[in-house]
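Residue numbers (the working numbering): 22 to 393. See below for the structure under consideration.
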């Protein structure tokens, strides 16, 4: 029956890793919050632990993709709500009326500032229910603990996302060229119009909608790959280097063969990692900044003859997708879709037997479409 089902869970089942990441993130956030306020002058014990911060932590660490969890919403939303709550304490004596107006006006103010953050309603209510405290500390409540505590939670969220491989914040459309899955032929305005027409603008952002449409298009494209596997399309005639190969020799291999990636192996073709051209560029850029010299000079120094040359094992990438001979091409498409992975090594018991590049993928799909 439809009626009972409406009361069941509407959130997809979460894997254990995400559950632990969210819980540990909140622990990290409140530890940072306690540290930030450890030496705060004339603050009552525990004042920095106002209840709404718990709700903010749920959004920042468990739903970091939500528009309601982004830094502007957290910091500005809570701060504006605190301003409303404190003002209500100075203007209204009746408790029920003060709480009702504080919460309702806080919601309106957050919407006006495009900073809707549900815990902000609780921030306004917290202030409205503590008139004695508010009269004692005044508008300082807005700055400390509310604004400072909200900022500390956001900083903790940024650090935790970086440490655990997530992206936060996520809300703004890129000004530069978007990734392939976001190039859906719709402008940011059109995407926002779709969200508004379905009343989803508070649940999804334009960037998320673009990613969803792009992912759906990518899934459709994968259907056209049929039963092809990595073993069917991989490049088998590999040029590899060992981890002790000087970077100058690696650069020469890139130039000679026109490759964008070169696998790094040990004896017996044991796979260790891959060097992409971008690794050389990043290392040269780091050297240019560190040594205060031009990029060209830094690249020449990196790839030239040196007493202690940088070697392949020093800059190779190891955290990348890997495939088996039997991995479907449909599974490889998402790995390369966002531009973070130019090639996927194909392994057999730890030995590299081939590599699938974007060129291999495009050629295979083109052959498939022509034959179909």
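In this text, a Cβ means the ideal position worked out from N, Cα and C, and glycines have one as well.
Buried versus exposed, by CB contacts within 10 Å (16 or more), residue 383: Position 362 of the chain shown, counted from the first residue, corresponds to residue 383. Exposed: under 16 other Cβ atoms inside 10 Å.
Test item: CB-CB of residue 130 and residue 105 under 8 Å: As a first step, residue 130 must be located in the chain shown, where it is residue number 109. As a first step, residue 105 must be located in the chain shown, where it is residue number 84. Yes, the Cβ-Cβ distance between residue 130 and residue 105 is below 8 Å.
Top-ranked residue by Cα proximity to residue 234, from 304, 119, 215 and 372: The sequence position of residue 234 within the chain shown is 213, counting from 1. Looking at 304, 119, 215 and 372, the one whose alpha-carbon comes closest to that of residue 234 is 215.
Span of the alpha helix (DSSP H), counted from its first residue to its last, around residue 335: Residue mapping note: residue 335 aligns to position 314 of the chain shown, counting from 1. Where residue 335 is concerned, the enclosing alpha helix (DSSP H) stretches over 333-336.
Spatial distance of residue 266 from residue 258 (CA atoms): Walking along the chain shown from the start, residue 266 turns up at place 245. Walking along the chain shown from the start, residue 258 turns up at place 237. If you take the alpha carbons of residue 266 and residue 258, they lie about 19 Å apart.
Rounded C-alpha distance that separates residue 140 from residue 134: Within the chain shown, the letter at position 119 stands for residue 140. Within the chain shown, the letter at position 113 stands for residue 134. About 15 Å.
Residue 182 to residue 170 span [Cα, whole Å]: Looking up residue 182 in the chain shown gives position 161. Looking up residue 170 in the chain shown gives position 149. Between residue 182 and residue 170, the C-alpha separation is close to 18 Å.
Residue 29, buried or exposed, once every other Cβ within 10 Å from all chains shown has been counted against 16: Position 8 of the chain shown, counted from the start, is the residue given in the question as residue 29. With fewer than 16 Cβ atoms within 10 Å of its Cβ, residue 29 is classed as exposed.
Cβ separation of residue 148 and residue 103, assumed to be a contact under 8 Å, to the nearest whole Å: Against the chain shown, residue 148 aligns to sequence position 127. Against the chain shown, residue 103 aligns to sequence position 82. That pair is a contact at about 6 Å.
Residue 98, DSSP secondary structure in three states: Sequence index remark: in the chain shown, residue 98 carries index 77 (1-based). In the structure shown, residue 98 sits in a helix (DSSP, three-state: H, G or I).
For residue 250, three-class secondary structure by DSSP: In the chain shown, counting from the first residue as 1, residue 250 sits at position 229. Here residue 250 sits in strand by DSSP.
Proximal residues to residue 126 (C-beta, below 8 Å), its chain only, five neighbours per side dropped: Locating residue 126 in the chain shown gives position 105, counting from the first residue. So the qualifying residues of the chain are 105, 109 and 145.
Helix, strand or coil at residue 80 according to DSSP, with G and I counted as helix: Within the chain shown, residue 80 is the residue found at index 59, counting from 1. Helix, per DSSP.
Continuous alpha helix (DSSP H) stretch holding residue 208: start and end: By one-based count along the chain shown, residue 208 stands at place 187. No alpha helix (DSSP H) contains residue 208, which DSSP labels as neither H nor E.
Chain-order list of residues whose beta-carbon lies under 7 Å from that of residue 122 (same chain, five-residue window excluded): Mapped onto the chain shown, residue 122 falls at position 101. Cβ neighbours of residue 122 beyond the five flanking positions: 109 and 113.
Three-state secondary structure (DSSP) of residue 292: One-based indexing of the chain shown puts residue 292 at position 271. Residue 292 falls in the strand class under three-state DSSP.
Residue environment, residue 9, which counts as buried when at least 16 other CB atoms sit within 10 Å: Residue 9 lies beyond the range of the chain shown here (22 to 393); nothing can be said about it.
Three-state class that DSSP yields for residue 264 in the structure shown: Here residue 264 refers to the residue found at position 243 when the chain shown is read from its first residue. DSSP places residue 264 in coil when its eight states are reduced to three.
Simplified DSSP state of residue 297, which is helix, strand or coil: In the chain shown, the residue the question calls residue 297 occupies position 276. Residue 297 falls in the strand class under three-state DSSP.
Inter-stretch contact at 8 Å, needing at least 3 Cβ pairs: the stretch 36-49 / the stretch 77-92: Enough Cβ pairs lie closer than 8 Å, so yes.
Straight-line gap, residue 197 to residue 357 (C-alpha atoms, nearest Å): The residue labelled residue 197 in the question sits at position 176 within the chain shown. The residue labelled residue 357 in the question sits at position 336 within the chain shown. Here the model assigns residue 197 a pLDDT of 45, short of 50, so the residue's position is not dependable, and the following value carries that caveat. If I take the Cα positions, the gap works out to 19 Å.
C-alpha gap between residue 97 and residue 50, whole angstroms: Counting from 1 along the chain shown, the entry for residue 97 is found at position 76. Counting from 1 along the chain shown, the entry for residue 50 is found at position 29. Going by the C-alpha atoms only, they are around 18 Å apart.
Closest residue to residue 111 among 207, 71, 153 and 174 (Cα-Cα distance): For the purposes of this step, residue 111 is taken as the residue at position 90 of the chain shown. That would be 153, whose Cα lies nearest to the Cα of residue 111.
Opening and closing residue of the alpha helix (DSSP H) in which residue 125 lies: Position 104 of the chain shown, counted from the start, is the residue given in the question as residue 125. Here the alpha helix (DSSP H) through residue 125 covers 116-133.
Residue 13: first and last residue of the uninterrupted alpha helix (DSSP H) it sits in: Lying before the first or after the last residue shown, residue 13 is absent from the chain, which here runs from 22 to 393.
Three-state secondary structure (DSSP) of residue 325: As a position in the chain shown, residue 325 is number 304, starting the count at 1. Note: residue 325 maps to coil in three-state DSSP.
Cβ-Cβ separation, residue 92 to residue 175 (assumed contact under 8 Å), whole Å: In the chain shown, residue 175 corresponds to position 154, counting from 1. In the chain shown, residue 92 corresponds to position 71, counting from 1. About 5 Å; that satisfies the 8 Å criterion.
For residue 143, the nearest candidate out of 158, 167 and 159 (CA to CA): Mapped onto the chain shown, residue 143 falls at position 122. Nearest option by C-alpha distance: 167.
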